[in-house]
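Adding 33 to a residue's 1-based position in the sequence shown gives its number in the numbering used here. All C-beta atoms in this analysis are idealised placements derived from N, C-alpha and C, irrespective of residue type, glycine included. Treat the numbers as computed from the prediction; the structure is a model and nothing was measured. The next block holds one structure in the form of structure tokens; read it before the comments.
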Amino acid sequence: MLQDLDTFYLKQDEPNKSCLLALRSIILEQDKEVAETRKYGMPCFTYKKKMFCYLWTDKKTNEPYILMVEGKHLDHPELEAGNRSRMKIFRVNPKKNLPIKKIQLILKQALDLYRNGVIKVK
Numbered sequence: 034m035l036q037d038l039d040t041f042y043l044k045q046d047e048p049n050k051s052c053l054l055a056l057r058s059i060i061l062e063q064d065k066e067v068a069e070t071r072k073y074g075m076p077c078f079t080y081k082k083k084m085f086c087y088l089w090t091d092k093k094t095n096e097p098y099i100l101m102v103e104g105k106h107l108d109h110p111e112l113e114a115g116n117r118s119r120m121k122i123f124r125v126n127p128k129k130n131l132p133i134k135k136i137q138l139i140l141k142q143a144l145d146l147y148r149n150g151v152i153k154v155k
């Protein structure tokens, strides 16, 4: 499985490859209970085996984004719901420095939903 995940990142063109690999590291270092898998062909990150976010690229702009599974519970001005009722995305420009503090804040808010029991984990 890990090799399959590595292949996903390595087959991306720059600057998306570096951006996605950096996002992967940021997500994985948020909590020791965060793990990575692949679902629907994209990297999926779980907290205690419950899906909490994905990494993907926008089909129109080809820019990466973080999809927050329980985005409807998150209130951040840069999270977009679009036509989704449950999930929200955080767009990332791969040609600019990552807004690491902002990303960490959003990830912490998302993980706190699970840690505090708003979203039930087994």
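Nearest residue (CA-CA) to residue 55, options 97, 108, 121 and 68 = That would be 97, whose Cα lies nearest to the Cα of residue 55.
ask   = Using CA coordinates, which residue listed in 61, 42, 129 and 66 is at the minimum distance from residue 90?
value = Proximity to residue 90 across 61, 42, 129 and 66 peaks at 42, based on C-alpha coordinates.
ask   = Looking at the structure shown, is residue 107 part of a helix, part of a strand, or coil, going by DSSP?
value = Note: residue 107 maps to coil in three-state DSSP.
query = How about residue 123 and residue 102: do their beta carbons lie closer than 8 Å?
reply = No.
query = Any idea what DSSP makes of residue 146, helix, strand or coil?
reply = Helix, per DSSP.
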